[in-house]
Amino acid sequence: MVRNSAAEEEARSAAVSTPSTDSPAGESDRFQPSYTSGQFRHMFDLTGRVALVAGGGGGLGGVIAMALADFGARVAIADLDLDAAKKAAQLCARPDQDGALAISMDVTKPGIVKASIAAIEEVTGKIDILVNCVGINIRKPALAYEPAEWRKILDVNLSGIFYVTQAVGRGMVERGYGRVLNIGSVSSLLGHPNHAPYAASKGGVALLTKVLATEWARHGVTVNALGPAYTETALTADLLADPAERTRLIAGIPAGRLGQPEDLTGAAVFLCSESSRFVTGQTLYIDGGRTAD
Numbered sequence: 009m010v011r012n013s014a015a016e017e018e019a020r021s022a023a024v025s026t027p028s029t030d031s032p033a034g035e036s037d038r039f040q041p042s043y044t045s046g047q048f049r050h051m052f053d054l055t056g057r058v059a060l061v062a063g064g065g066g067g068l069g070g071v072i073a074m075a076l077a078d079f080g081a082r083v084a085i086a087d088l089d090l091d092a093a094k095k096a097a098q099l100c101a102r103p104d105q106d107g108a109l110a111i112s113m114d115v116t117k118p119g120i121v122k123a124s125i126a127a128i129e130e131v132t133g134k135i136d137i138l139v140n141c142v143g144i145n146i147r148k149p150a151l152a153y154e155p156a157e158w159r160k161i162l163d164v165n166l167s168g169i170f171y172v173t174q175a176v177g178r179g180m181v182e183r184g185y186g187r188v189l190n191i192g193s194v195s196s197l198l199g200h201p202n203h204a205p206y207a208a209s210k211g212g213v214a215l216l217t218k219v220l221a222t223e224w225a226r227h228g229v230t231v232n233a234l235g236p237a238y239t240e241t242a243l244t245a246d247l248l249a250d251p252a253e254r255t256r257l258i259a260g261i262p263a264g265r266l267g268q269p270e271d272l273t274g275a276a277v278f279l280c281s282e283s284s285r286f287v288t289g290q291t292l293y294i295d296g297g298r299t300a301d
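Taking the numbering used here, the leading residue of the sequence shown gets 9, the next gets one more, and so forth.
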């Protein structure tokens with residue numbers, strides 16, 4: 009075997025690492041951008057932003073609201089339950105920020121929604137970030153649903169999200185900036201039994217997300233969604249209280265566990281920040297591999 013000398017190896021290394029000088033002008037520059045250390049940290053910073061979390065009085069919405077506050081956003085909590093909204097707002101208060109707000113809002117009433125949004129903007133001057141985290145469910149076989157039950161779920165989970173997003177979106181489009189984040193579900197992809205209206209509503213949310221994204225992208229507004237698998241919240245508490253059902257659901261998740269509200273916070277901050285400025289119309293599934301299986 010012929011071994012190269014140390015000098016030959018050094019020369020070879022230098023030749024490999026030396027940029028070519030015979031490429032067209034400017035071509036190599038595309039691969040050598042002028043970045044400096046630490047300049048990307050601000051892309052997750054929400055300082056100066058105002059975030060409205062609709063449904064923020066619940067466990068999932070409240071945790072997302074706290075995460076946004078931790079990254080600098082001033083948070084407004086809107087919920088049908090005013091006491092729950094106030095408690096969540098207290099948890100979002102930060103000494104270096106203007107106070108968090110709480111307001112009662114029925115998302116199924118367009119007039120109330122408009123008035124609530126106007127009241128928030130009168131105090132904050134704007135809403136930069138909207139998180140739609142409203143949702144209800146009634147589990148039963150499809151043949152057993154009453155028309156009123158179907159309408160109730162669709163009114164809250166789909167129409168309610170549209171009413172709130174429409175009201176907030178007007179200001180975002182006018183100002184040329186906004187982040188909308190809808191909380192969807194893996195039920196938009198999977199045919200879970202006993203979830204007919206819920207699945208229909210979440211499928212609608214996924215497509216509404218895409219439609220609004222295409223309409224508002226040119227105005228600097230992104231619209232995305234998160235699709236969690238079964239997550240331990242008040243919405244799933246009754247179902248997960250059954251040990252057999254809990255075991256069955258966990259068995260369907262490759263990660264081997266149920267979701268926790270904090271599992272959504274990193275993705276939520278990303279999709280509400282400047283770091284996601286070129287991401288829109290997408291649903292990111294936070295599901296422990298459920299939809300990949």
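We put the beta carbon where it would ideally sit given N, CA and C, even for glycine.
query: Which partner residues does Arg82 have in the DSSP bridge list?; result: Val58
query: Taking only runs of the alpha helix (DSSP H) that begin and end inside the region 86-112, which ones reach a length of at least 4 residues, in chain order?; result: 90-99
query: According to DSSP, is Leu138 part of a helix, a strand, or is it coil?; result: strand
query: Would you call Phe286 buried or exposed, if buried means 16 or more other Cβ atoms sit within 10 Å of its Cβ?; result: exposed
query: Between Asp78, Val58, Leu266, Leu243, which has its C-alpha nearest Glu130's C-alpha?; result: Val58
query: According to the neighbour-count rule (16 or more other Cβ atoms, all chains shown, within 10 Å of its Cβ), is Ser124 buried or exposed?; result: buried
query: Where does the unbroken alpha helix (DSSP H) through Ala118 begin, and where does it stop?; result: The sequence shown places Pro at residue 118, not Ala. Counting along the chain, the alpha helix (DSSP H) containing Pro118 begins and ends at 118-132.
query: Quick check on DSSP: helix, strand or coil for Thr29?; result: With a pLDDT of 47 at Thr29, under the threshold of 50, the predicted position of this residue should be treated as unreliable, and no value is reported.
query: Using C-beta distances below 7 Å, list every residue in its chain close to Lys148, excluding the 5 sequence neighbours before and after it, in chain order.; result: Asn202
query: Assuming Ile144 contacts Val164 under a Cβ cut-off of 8 Å, what Cβ separation, rounded to an integer in Å, is found between them?; result: 5 Å
query: The alpha helix (DSSP H) that contains Leu220, what's its start and end?; result: 204-224
query: Where Val83 and Ser209 are concerned, what is the direct C-alpha to C-alpha distance, given to the nearest angstrom?; result: 26 Å
query: Assuming the contact rule is C-beta atoms closer than 8 Å, Ser284 and Gly235 should be a hit. Round their C-beta distance to whole Å, please.; result: Between Gly235 and Ser284 the Cβ distance is about 16 Å, and since that is not below 8 Å, they are no contact.
query: Express the C-alpha separation of Arg298 and Cys100 in angstroms, rounding to a whole number.; result: 31 Å
query: Could you give the DSSP three-state label for Ile294: helix, strand or coil?; result: strand
query: Excluding the five sequence neighbours on either side, which residues of its own chain have a C-beta within less than 6 Å of the C-beta of Gly228, listed in chain order?; result: Gly184, Tyr185
query: Sorted by chain position, which residues of the same chain lie with C-beta nearer than 6 Å to Ala110's C-beta, five sequence neighbours on each side aside?; result: Ile85, Ala93, Lys94, Ala97
query: Going by beta carbon distance, what residues of the same chain come within less than 6 Å of Ile146, once the five residues before and after it are set aside?; result: Glu157
query: Look up Val115 in the DSSP assignment and say whether it is helix, strand or coil.; result: coil
query: Hey, does Gln268 have any beta-carbon neighbour from chain B nearer than 8 Å?; result: You won't find chain B in this structure, because it holds only one protein chain.
query: Can you have a look at Asp295 and say buried or exposed, based on whether 16 or more other CB atoms are within 10 angstroms of its CB?; result: buried
query: For Met74, count the other beta carbons within 10 Å of its own beta carbon; 16 or more makes it buried, fewer makes it exposed. Which is it?; result: buried
query: Does the region 62-73 come close enough to the region 42-51 to have 3 or more Cβ pairs within less than 8 Å?; result: no
query: Leaving aside the five residues before and after Pro262 along the sequence, list all residues of the same chain whose C-beta is less than 8 Å from its C-beta, in chain order.; result: Gly296, Gly297, Arg298, Ala300, Asp301
query: Starting from Thr255, follow the alpha helix (DSSP H) in both directions and report where the run begins and ends.; result: 251-259
query: Per the DSSP calculation, Ile161 is bridged to which residue(s)?; result: DSSP lists no partner for Ile161.
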